[in-house]
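Protein chains in written order, with my numbering: chain A, 3 to 493; chain B, 3 to 493.
Structure first, then comments.
2 protein chains.
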Amino acid sequence: MARAAIIGGGVIGGGWAARFLLNGWDVRVFDPDPEAQRKIGEVLDNARRSLPGLSDLPLPDEGTLSFHDDLAEAVEGAEWIQESVPERLDLKLKVYAQIQAACEEGAIIGSSTSGFKPSELQEGSDRPGQIVVTHPFNPVYLLPLIELVTTGANEAALIDRAKGLLSSLGLFPLHVKKEIDAHIADRFLEAVWREALWLVKDGIATTEEVDEAIRMGFGIRWAQMGLFETYRVAGGEAGMRHFMAQFGPALKWPWTKLMDVPEFTDELVDLIADQSDAQSGMHSIRELERIRDNNLVAMMRALKAQDWGAGAVLNAHDAGRKRDAMPDIETADLAQPILTLARAVPLDWTDYNGHMTESRYLDAFAGATDRFMEIIGCDADYIASGGSYFTAETHIRHLGECHAGARISVRTQMLLGQGKKLHLFHSMYEGEELIATCESFLLHVSLETRRPCAPSQEIEDSMARIAAAQSGLEYPQGAGSSIRKPVPMAE
Amino acid sequence: MARAAIIGGGVIGGGWAARFLLNGWDVRVFDPDPEAQRKIGEVLDNARRSLPGLSDLPLPDEGTLSFHDDLAEAVEGAEWIQESVPERLDLKLKVYAQIQAACEEGAIIGSSTSGFKPSELQEGSDRPGQIVVTHPFNPVYLLPLIELVTTGANEAALIDRAKGLLSSLGLFPLHVKKEIDAHIADRFLEAVWREALWLVKDGIATTEEVDEAIRMGFGIRWAQMGLFETYRVAGGEAGMRHFMAQFGPALKWPWTKLMDVPEFTDELVDLIADQSDAQSGMHSIRELERIRDNNLVAMMRALKAQDWGAGAVLNAHDAGRKRDAMPDIETADLAQPILTLARAVPLDWTDYNGHMTESRYLDAFAGATDRFMEIIGCDADYIASGGSYFTAETHIRHLGECHAGARISVRTQMLLGQGKKLHLFHSMYEGEELIATCESFLLHVSLETRRPCAPSQEIEDSMARIAAAQSGLEYPQGAGSSIRKPVPMAE
């Protein structure tokens, strides 16, 4: 079993511990803080609920976590030693001397330092080649970025081993080949932090307004393409040189309080345009626009399901229009199957060929069931009061296909709605074409006992009203059918 | 029908046109560029494929788009006039004079300017109160942020009307009450742009490395919480004041080339800490951590489905482990139901109570079907060659519940695999407990004709091998069953 040593716990050290532990490593922790065990335990709780499900495969069994009062004991036999002690160079150098006195010569010592250059950390060491910067981002158990900063003292084989090992933990090692204070990402964070302090200090914006200005706009863009690729797309077919020519003059304008500006020479423009070609030139601008839009839609809809940030804006927009868009028990023609879903197929519901994927049919049908429940009075308030319907069985039949952007609708016939039982038959259409059906059998349950029970009188009354109105409808084709026991074909 | 005028097309004006048009407004465009119609058409193509599906309701029917050679004709009768002409103040002032000579006195004139203050745009106008800054972010048809910047000349009623109208388009108007060059968001973009130019110029990082440093780390954080709320969480229970005390000294360090630094006084610390309390104080740090992690997992898994950025890292990590984690046709015990899925239930598969949502059972079962297909030889290469299986029918029975983080597995019995027919019975377990079953009937199809056809000989052989090995298994309980035609209970 591979073993890692975590020197310095806290939020960052704890995040490293979680990465190793949940990927099957044994982890030894050294931290003189008497609270270290509690703090790391809290980070581990968060990591255990969020990290394993990121993958579509099971993670290995967790390794063993142990706490050690003696640094030498913690680092002994460790393949990786991660240092996350406070940002004081003298302290870090003292810790490295202690680590190197006890650890294997082949072990990798990574520092979580935000600011120090690896050459500073290697100074005075007998084995400087063992020490690298591996700067993570909080929460370390989720975000993939590790800035791996090295010097000439680090051999290529060690750097390759560090990259491979970090990748095996699900991390993304970004090799920074030329060291600089604060590496790369924190320089941007620092610049934005300074600008934000000015804006708040000068009374232009509150902290909340600063956050909205980020997360409702460029923050979502940066989560998927970063800065240069985003601008490449914005520049359009005219290309990166054109974009820079447009943007160049702003460098002379007072658009930030941070005014040390590189000279905007042809050489700089060429350098950036050539690098951008190497980075993104395999995609046309039109392709990049579509990749970007697919990513933005998928992330914004992910936030919609969490009702947060840009996703909460989408939900508020839907809520304001729901009354007009969808019939309720008073406005629907109850004698016909009731409109329970009407929407466009979103980009994140389709496969790489643009067809709606199998599970999203049930996503749509489950939405139709939710709407039917609302119509009969099982709405958010009712559910908050302790009752709801659980699906017991579902039978889907696929009769056609549909694509991203298709306007689909679902109409719902109630086959039975009485007592605790609710039996629905959903028909999904694109235009007039029937593309799928879904028969659902639900039971009304108490959310406390999670056992079946009778619904409220209001729901019983609504169901009776719909049953009476729909009594003239034929039993729908396909309802009550099963997937037949197969008879093998003659050989 | 409400009507908007778009003065100046291009990517930004086109994005505004799409927002209005797809939300049911009539749109008149004035742009002397002979290419305007083509350019706006391209933006509209992108908007039509991505915007409607963002919502869980249908958008209204599209309004009517028309192009006009005469500015006066374009703005006549318009409720909203959006100016997106090039960033030259003299040009903008000339355009406003023309607009105001022809438009309704009650119309709102919004400027897409990135840099000019509204007082500059209002200068010399008879009706300055009609002119505001409404600065959007590309792609305008998807990103919600609009910086609404006003001056004392704008009456409260007009500002409210502008906010309501922007919200009705699904936008998020951020009211910037104190005007400043470049408003808020672009000041951050400008600061990062300047820092990035330095990094590239100095040879520290390439454009690609800059982008990775953003999108693999803080970019994902910023997409959901922005800057201050992110730091509030990082600061932990000790609070924002503590965080700032830690971070303060970095302002004196050369962590950016952009060095104009606000003085780090107690007043500034108090101001920020108090604003942060007002913004986020309704959630404990532990709650914020969990909200953050839910958002990050949901967004990273959204990117995983797109195989992009941080999501591509997750896929690469899974691919490297798949061989070890999952049996194939050579390593599986074919005489038993075959392990086709093993994973933890991710946070984005659960409802607000932490239970796995209905449609995600089918997500998991569809994953099991995909894995079974791989096992018999219908893998990515085979599918690329033109054949695949389509699901015709699915019957799910729910027997238990499971929560986020639960380790679930699916084992698959083949009921029939012969010719074009594939009939599977999946059983989902949490530990030893059977929590759901899914019977699936699939047909092998040609992806070109989308009609059923025989699979390859290799697939036929694999299916025959599994059929022979599983011939001793009992027909599973629940297979072949239907949701019975309901018999109403006695009244």
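Even glycine gets a Cβ: it sits at the ideal position worked out from N, Cα and C.
Bear in mind that the values here come from a model prediction, so they are computed numbers and not experimental data.
- Contact between the region 466–485 of chain A and the region 419–435 of chain A is established, with three or more Cβ pairs separated by less than 8 Å.
- Nearest Cα to ARG51 (chain A) within the set A:ARG413, A:ILE378, A:PRO141, A:GLN277: A:PRO141.
- Only GLU441, PHE443 from the region 431–460 of chain B bring a Cβ to less than 7 Å from some Cβ of chain A.
- Using a CB distance cut-off of 8 Å, PHE190 (chain B) counts as an interface residue toward chain A.
- In the same chain as SER113 (chain B), and ignoring 5 residues on each side of it, the C-beta atoms closer than 6 Å to its own belong to GLU85, LEU123, VAL135, in chain order.
- Within the region 379–440 of chain A, the complete beta strand (DSSP E) segments of 3 residues or longer fall at 389–400, 409–420, 423–432, listed in chain order.
- Nearest CB-CB separation between ALA159 (chain B) and chain A: not below the 8 Å threshold.
- Relative to LEU444 (chain B), the option among A:ILE287, A:ILE398, A:THR208, A:GLY433 whose CA is nearest is A:ILE398.
- Between ILE161 (chain A) and THR153 (chain A) a beta carbon distance of about 10 Å is seen, past the 8 Å cut, so the two are scored as non-contacting.
- Around the beta-carbon of THR66 (chain A), fewer than 16 other beta-carbon atoms lie within 10 Å, marking it exposed.
- Near chain A, meaning a CB-to-CB distance below 9 Å, the residues of the region 309–321 of chain B are ASP309, TRP310, GLY311, ALA312, GLY313, VAL315, LEU316, ASN317, ALA318, HIS319, ASP320.
- The beta carbon of VAL212 (chain B) is closer than 8 Å to those of ALA198, LEU201, VAL202 in its chain, skipping five residues each way along the sequence.
- Only residues of its own chain outside the window of five on either side were considered, and among them VAL299, ALA300, ARG303 have a CB closer than 7 Å to the CB of ASP350 (chain B), listed in chain order.
- Residues of the region 324–354 of chain B that bring their beta carbon within less than 8 Å of a beta carbon in chain A comprise LYS324, ALA327, MET328, ALA344, ARG345, ALA346, VAL347, PRO348, LEU349, ASP350, TRP351, in sequence order.
- Think of a sphere of 8 Å around the beta carbon of ILE378 (chain B): no beta carbon from chain A falls inside it, the nearest being about 16 Å out.
- DSSP links ARG5 (chain B) through a beta bridge to B:ASP28.
- Around the beta carbon of SER387 (chain B), fewer than 16 other beta carbons sit within 10 angstroms, so the residue counts as exposed.
- Counting of Cβ neighbours within 10 angstroms places SER286 (chain A) among the exposed residues, the total staying below 16.
- The alpha-carbon of GLU360 (chain A) is positioned some 15 Å away from that of VAL447 (chain B).
- The bridge partners DSSP lists for GLN84 (chain A) are A:ILE8, A:GLY112.
- In this structure, ALA215 (chain B) lies near ILE186 (chain A), with their beta-carbon atoms less than 8 Å apart.
- By the neighbour-count definition (other C-beta atoms within 10 Å, threshold 16), GLY283 (chain A) is an exposed residue.
- Bounds of the beta strand (DSSP E) holding THR342 (chain A) are 340–346.
- Comparing alpha carbon positions, the residue from B:LEU59, B:ILE83, B:HIS405 closest to ASN355 (chain B) is B:HIS405.
- Counting only Cβ-Cβ distances below 9 Å, VAL13 (chain A) has contacts in chain B at ALA236, GLY238, in chain order.
- In terms of CA proximity to ILE437 (chain A), A:ARG413 leads the group A:GLN459, A:ARG413, A:PRO457.
- Chain-order list of chain B residues neighbouring MET227 (chain A): ASP213, ILE216, ARG217, GLY221, TRP310, GLY311, by C-beta distance under 9 Å.
- The secondary-structure analysis by DSSP pairs PHE220 (chain A) with nothing; it has no beta-bridge partner.
- Here SER484 (chain A) is bridged, per DSSP, to B:SER484.
- Under the Cβ criterion of 8 Å, ILE186 (chain A) is counted among the residues facing chain B.
- At a beta-carbon threshold of 7 Å, the residues of chain B lying near ILE274 (chain A) are VAL202, THR209, ordered along the chain.
- Taking 9 Å as the cut-off between beta carbons, the residues of the region 145–173 of chain B near chain A are LEU145, PRO146, LEU147, ILE148, GLU149, SER169, SER170, LEU171, GLY172, LEU173, in sequence order.
- Of all residues in the region 73–97 of chain A, none places a beta-carbon less than 7 Å from a beta-carbon of chain B.
- In the three-state DSSP reduction, THR136 (chain A) falls in the strand class (E or B).
- Against chain A, a Cβ distance below 7 Å from LYS180 (chain B) picks out GLY205, ILE206.
- Here the C-alpha atom of LEU273 (chain B) lies approximately 38 Å from the C-alpha atom of SER121 (chain A).
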